[in-house]
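Below is one structure, written out as structure tokens, with a few remarks after it.
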Amino acid sequence: MHSLKEQDQFETPGDPTDQTPDTDNRFFQADRAVPAIEFRNVHLAFDEKVILNGVSFKVNRGETKIILGRSGSGKSTIIRLVLGLLKPDSGEILIDGDDITFLNEVQMMEVRKKLGMVFQEGALFDSLPVYDNVGYRLHEQNVDEEIVEAQVRQMLSFVDLEDAIDKMPSELSGGMRRRVGIARALIGRPPIVLFDEPTAGLDPPTARTICELAIKLRDIQDVSSIFVTHEMKNLEYLSSEYAVLDEDGEVVFEEEGEKLCIINTGILMIKQGDIIFSGKNEELMEEDDPYIKRFLNGK
Ligand SMILES: Nc1ncnc2c1ncn2[C@@H]1O[C@H](COP(=O)(O)OP(=O)(O)O)[C@@H](O)[C@H]1O
Ligand SMILES: [Mg+2]
């Protein structure tokens, strides 16, 4: 069976119906200095309860930003704000430099085309086969079936599940369902992907596979992402491994050496609505703060 080489799989992010070759290389596109996502002093409270207390951060282009924090600390809330499912009480949220804070639902639909969302449980439609689950977004936009099929196959190939195309979700393992969920998030080639606890409940080898998909997106496809997790293993994979293409165009994963610092992953830790850490993995490991130390030790 013919399998596409990695570099052929994604072209310019954007219009899913655009089948023209990638002539305008991404390096000549929008200013790379403009962050993919930016929060500026975002406040949000539900009734009296403060959820985000003036949160500011940037996700740079091609960067994976890991958001760590205990249950209830506001991680999913941040994701919902990016998607425009919630609006902040004050502050600004920018995507690709555009202020989305006050956009209405119709305007947000346009913005969401740039965003892929991977839910914790995979959130597949149980009554639809894998093909229709992955192609859902394009079907909603009435894209030609030929184009839908080509993209569904590409994305299933990206998550290494081409053979599952006609299966029903109930016939798949937990890890496979999660990978289908990722393929679905990637349809339309969004330049930004949001992962909310994508490895929750998975065994360690399967969780690693999910992390490697995120690494592949980061390093080969130049996707910017937020990766919410409280699992320290994920942090380790995303901060120490990188993906490159070998001479045959196959993806290989390498470990970052001692001296290198090339991995494009930043970490935020959030506690009761405040960002208490922002930096690289190496800096996080050297933190003296007792709360952070307890968290890193899984307590
Ligand atoms: N719609 C809502 N109404 C009231 N409280 C909410 C709502 N959504 C979330 N919360 C509260 O906000 C806090 C943060 O939630 P969430 O962002 O889901 O946390 P996390 O994803 O870090 O576990 C929690 O205390 C939760 O109970
Ligand atoms: Mg959550």
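Position in the sequence shown counted from 1, then plus 158, gives you this note's numbering. Glycine is no exception: its CB is placed at the ideal position from the N, C-alpha and C atoms. Everything numeric in this text was worked out from a predicted model, so none of it was measured.
Judged by beta-carbon spacing, residue 296 lies within the 8 Å limit of residue 345, meaning their Cβ atoms are closer than that value. When C-beta atoms of the region 376 to 393 are compared with those of the region 350 to 361, three or more pairs fall below 8 Å, so the two segments count as touching. The three-state secondary structure of residue 435, taken from DSSP, is strand. Of the residues assessed, residue 334 falls on the buried side of the cut-off, its CB having 16 or more other CB atoms within 10 angstroms. Residue state for residue 429 is assigned as strand, using DSSP reduced to three classes. DSSP places residue 453 inside the alpha helix (DSSP H), whose first and last residues are 448 to 454. Per DSSP, the continuous beta strand (DSSP E) segment holding residue 382 begins and ends at 382 to 386. When the beta-carbon positions are compared, residue 211 and residue 432 come within less than 8 Å of each other.
If you ignore the 5 residues before and after residue 222, its C-beta comes within less than 7 Å of the C-beta of 372, 376, 383, 385, 396, 422 and 423, all in its own chain and listed in chain order. Nearest in C-alpha terms to residue 379, of all of 401, 364, 319 and 368, is 401.
8 Å or more divides the Cβ of residue 233 from the Cβ of residue 368.
Remark: C-beta atoms of residue 338 and residue 360 do not approach each other more closely than 8 Å.
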